[in-house]
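One structure is given below, encoded as structure tokens.
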Amino acid sequence: QQQQQQQQQQQHLPLELRPGAEVRLKGLVAAPELNGAVGRLQEFHCDKGRWAVLLGSLGPPKLVRPQNLEAASSATESDTAGDEPCGPLVRCNSRSTELCPAVTLEEFNISLRPLDTCGVEVLGFDTRKRPPLPVLQELERAMAKYGFALFRGQGTLTGVEHCILSEMFGTGQLHSTHAVHWRAPNQHIFRLSNDPDEGFNEVGPEWHHDGASVQNVFGHVVYHVVRAPQSGAETIFAHTGDAYDAMSPERQREWERLASVNSNGGIVHPMVFTHPRSGRRSVFLHLGMTGAMLRCDGRPGAKAWEGIDALEEAEINQVFEVHNRNLDAIAYKHRWRDGDVIILDNLAVAHKEATSAFKLQNGLRILHRTTIAGDWPLAPPAELRIPPLLDTAGPSPFGSRKHVWASGYVGLRWGSWRERTVPH
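If you want my numbering, it's the 1-based position in the sequence shown plus 646.
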């Protein structure tokens, strides 16, 4: 029966994506060294939504998403082949809305219940079972709109189950930049706990987005509570599109000209950007890992670095305090229950941990996190003329002028940081 199902599905595959076809890999983020490699399709794994691709001497077959493949004979052929019928598991991927038949989640007995201020609870979804890709696409749209999706009552996921779930969303490429605790089930799981013997503690006390130290900021983040405390220890979320909308037009224009420099590597991100899935203007800033902030005056015809300056500490403190206050005003506090899974659209929502999350008196707290590589570079727009990467460990390009230029895992310690606990 399974063989008959695969044969029926392969009848709907585009001609260039059929068993035996020669293909070229493209757009891989977690394994960029494979981009451009040519291989041959073997079979389509329906449960994973991926093709097995044999790459000659490069070892066993690699499982690759359809959107990371193109016909080796023509790099453009797949872009124009839109007349074949849309196969239910291949042509419908999370990045190509025009090729997918419209679906409603109700058709699959799944419903959405918006939460207060941001977030949406998904009812009727089993995180251990892979749904059709159009369903995943609808869930990604909901995450972009609401910021995150909450799945209650999922039991305790194994490390493998957590990773398989994570690979259903976005690029499907696990991208881990964290340390691995000795109790973590595998190298992809970032294990957090208020007991240092169980996981890393004091992580994330400031408003932030995961993966801010890379240009393609993580697209999606999957949190799963392994042990929920009796009370407190909330994770707090705020929608960055709502934060932008809540600002005055004057502040919006001011922040459009700002960019932050990550203290852990020097990657530069604009403070205001257009969300690639929702199209909303949104705010991006990591309050625990910023080593400098730059401002461009926007003068026309300026040469490199003309009209660009670095903010002083008092100016950064003011920006941080306003951003912190804005997000606090629209925040949703999530109190974890056993079996909870939360999946973030990491560009649509900022998050932080409540100070009680780092203390044991309310009971043991264990949280597992995976991160998915982003598919979109969050770089300063061309009109700002700010480079996407600066060396914060080296001398500042702004010379002896008074400004902040910090390097290290923790950036500028701003305001009353001691009251918010010491960042990890």
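Ideal Cβ placement from N, Cα and C applies to all residues, glycine included.
- The residues Ala956, in chain order, have a CB closer than 6 Å to that of Phe1044 in the same chain once the five nearest residues on each side in sequence are set aside.
- Gln964 sits in a helix when the DSSP states are folded into three classes.
- CA-CA distance, Asn992 to Arg759, rounds to 20 Å.
- Taking 8 Å as the cut-off, the Cβ atoms of Gly1020 and Val863 count as close.
- Beta-bridge partners of Ala717 (DSSP): Val669.
- Annotation: Ser894 is outside any beta strand (DSSP E) and is labelled neither H nor E by DSSP.
- Of all alpha-carbon atoms in Gly695, Trp853, Glu844 and Glu999, the one lying nearest the alpha-carbon of Lys775 is that of Gly695.
- Per DSSP, the unbroken alpha helix (DSSP H) holding Ala790 starts and ends at Leu779 to Tyr792.
- In this structure, DSSP gives Arg711 a state outside helix and strand, which the three-state scheme calls coil.
- Under a 10 Å Cβ-count criterion, Arg899 is classified as exposed, with fewer than 16 other Cβ atoms of the shown protein chains found around its own Cβ.
- Taking a cut-off of 8 Å on C-beta distances, the region 833-844 does not touch the region 885-902, as fewer than three cross pairs fall below it.
- Going by beta carbons, Ala994 and Met814 fall outside the 8 Å limit.
- With fewer than 16 other Cβ atoms inside 10 Å of its own Cβ, Ala1039 counts as exposed.
- The C-alpha of Trp853 is placed about 15 Å away from the C-alpha of Cys764.
- Sequence-distant partners of Leu769 (beyond 5 residues in either direction) whose C-beta falls short of 6 Å from its own C-beta, in its chain, are Ser757.
- Contact between Arg829 and Asp986 is ruled out by a C-beta separation of about 20 Å, above the 8 Å threshold.
- The criterion of a C-beta distance shorter than 8 Å is satisfied by Arg1015 and Leu838.
- Cβ atoms of Thr936 and Asn908 come within 8 Å of each other, at about 7 Å.
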